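Step one of this worksheet: look at the structure below.
Numbering (the UniProt record's numbering), first residue to last: 1 to 485.
Quick look at the structure:
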């Protein structure tokens, strides 16, 4: 029986992998391949944190395939030419992959499919990444949704997601093509800055399922209330695993339903509400892909066109941006979030909103600058979700927060980190202050600062902007584009 190629991309798992299952159907030998072609992503090649994750995720996938007697073939180069070379080497007559929805990949994959079919191959793409593909959820007039709530309501009216597929029986080919060593892809940083990432994450399919199990066993009951508190483990932290495809949304959906089925309402009264809230976050991921599919320039241009003329603040030599990136703004909740990001490749979602609002509104710097920094530093840097989040906080995107909503980082900290625990974790010098002064150390009496051994401007920066004055400047700038409508 002729072999089938399974082209792995952001679907680095064996279970619930439709392309792998289709390639292995009827006992056909499977040639698993990963092709490294970052240039084909256009302006959105994976950033440094994503590359670190990819290296370790490919390592895990290779080990998992080896347990089934298969070798992951790694190649670099132009994708179509690489696939054609593998077809010539192996005599494969079929190629399977799971769909990606980034604009650059949609066009590339369409061309690859047409070219291989013209050679007489059986070529099939599948859905492994979403509960519902972007074109399947439509408004009553057949258009796309711009707001999450009606989108998710329409999605929930669809049939339940298909049950996840088990890992298929896999048959190795008689001979194995040559493979490039993973290290040759140079995904790991030349200077090792990834100690915090290693301490925080376990990339790979096993790590994804362990994280899901821990969340459902220990955290989901309190998710409704706990998800907003950055100092506690109140969220699933599944986003990087979902982005790499180490676990699929159907698997998450089924696991949540199974958890609900075995729950005891008398002893877990908040579980149903928390589970529904968590599933709605899976829905936001779906919505992000829906928006990106229908608006392929969404990562670069505001969905609301009037924001194209927003009067951003001039930032010579990117000094303001660099201060924000380093977590040296003098605003503790903002700095704590940026330092968590730099250390772990991740940031709590509540804090993401706060640091985003501070950049776009208090500093009045373009949301694209924040989007680019997150793209390079997040282990869950997903083009659809990253774009949706930044346009949401900027007020220019789908279902966006109104521009006049400016998160006050001091008030947000007082509400969601009242003891300053999160701040003390990431800014230990402020941990010497009494909790009530950690959110706004510039308001602390000099005697309190001295007792804590803190000199503002030396041990911790003065605020780089006045929160009230910068908010008013942002609202004044917004009023300019309103008048120009």
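Cβ atoms here follow ideal geometry from the backbone N, Cα and C, with glycine treated the same way. Computed from a predicted model, the values in this text were never measured in an experiment.
Expected contact under 8 Å - CB spacing of residue 18 and residue 127 to nearest Å: 7 Å
Buried or exposed by the 16-neighbour rule on C-beta atoms within 10 Å, applied to residue 470: buried
Give a yes or no on contact between the segment 252-271 and the segment 214-227, applying the rule of three or more CB pairs nearer than 8 Å. yes
For residue 98, the three-state DSSP class (helix, strand or coil): strand
Put residue 405 into one of helix, strand or coil per three-state DSSP. coil
Could you name the residues of the same chain whose beta carbon sits closer than 6 Å to that of residue 394, not counting the 5 residues immediately before and after it, in chain order? 360, 367
Enumerate in chain order the residues of its own chain whose CB-to-CB distance from residue 490 is below 6 Å, with the five nearest sequence positions on each side excluded. What the structure shows of the chain is the stretch from 1 to 485, and residue 490 is not part of that stretch, so it cannot be assessed.
First through last residue of the alpha helix (DSSP H) which encompasses residue 354: 349-357
Coil, strand or helix - residue 426 by DSSP: helix
Compute the Euclidean distance between the alpha carbons of residue 272 and residue 146, then round it to the nearest angstrom. 27 Å
Do you know how far the Cα of residue 116 is from the Cα of residue 125? 12 Å
Report, in whole angstroms, the separation of the C-beta atoms of residue 129 and residue 270, which I expect to be a contact under 8 Å. Actually they are not in contact, since the Cβ atoms of residue 129 and residue 270 sit about 30 Å apart, beyond 8 Å.
Quick test of the definition: if touching needs 3 or more C-beta pairs under 8 Å, does the segment 392-410 touch the segment 468-482? yes
According to DSSP, what are the bridge partners of residue 8? 34
Test item: CB-CB of residue 460 and residue 336 under 8 Å: no
Kindly provide the ranges of any alpha helix (DSSP H) runs that are 4 or more residues long and lie completely inside the segment 360-417, ordered along the chain. 367-377, 383-394, 409-416
Return the chain-ordered list of same chain residues with a C-beta closer than 7 Å to the C-beta of residue 431, the five sequence neighbours on each side being excluded. 424
Considering only their Cβ atoms, is the gap separating residue 339 from residue 180 smaller than 8 Å? no
When the distance is taken between beta carbons, is residue 379 closer than 8 Å to residue 53? yes
Please state if the CB of residue 14 and the CB of residue 64 are separated by a distance shorter than 8 Å. yes
Cβ-based neighbour list, residue 391, same chain, cut-off 8 Å, excluding 5 preceding and 5 following: 298, 302, 303, 367, 397, 398, 400
Could you tell me the distance, in whole angstroms, from the CA atom of residue 68 to the CA atom of residue 1? 19 Å
Taking its Cβ as the centre, do 16 or more other Cβ atoms sit within 10 Å of residue 175, making it buried, or is it exposed? exposed
For the segment 215-257, list the beta strand (DSSP E) runs that are entirely contained and at least 3 residues long, ordered along the chain. none
How would you write the range of the beta strand (DSSP E) that residue 458 sits in, first residue to last? Counting along the chain, residue 458 falls outside any beta strand (DSSP E), and DSSP gives it neither H nor E.
Quick check on DSSP: helix, strand or coil for residue 56? helix
What span of residues does the beta strand (DSSP E) with residue 123 cover, start to end? 122-126
Residue 96 to residue 62, Cα distance in whole Å? 18 Å
Can the beta-carbon of residue 196 be found less than 8 Å from the beta-carbon of residue 343? yes
For the putative contact between residue 16 and residue 198, defined by C-beta atoms under 8 Å, what is the C-beta separation to the nearest angstrom? Rounded, the Cβ-Cβ distance is 27 Å, inconsistent with contact.
Is residue 73 helix, strand or coil by DSSP? strand
In chain order, what residues of the same chain have a beta carbon less than 6 Å from the beta carbon of residue 71, not counting five sequence neighbours either side? 176
By how many angstroms is the C-alpha of residue 370 removed from the C-alpha of residue 314? 15 Å
Would you identify the three-state DSSP class for residue 203, choosing helix, strand or coil? coil
Cα-Cα separation, residue 443 to residue 267: 44 Å
Within 10 angstroms of the Cβ of residue 205, are there 16 or more other Cβ atoms? Answer buried if so, exposed if not. buried
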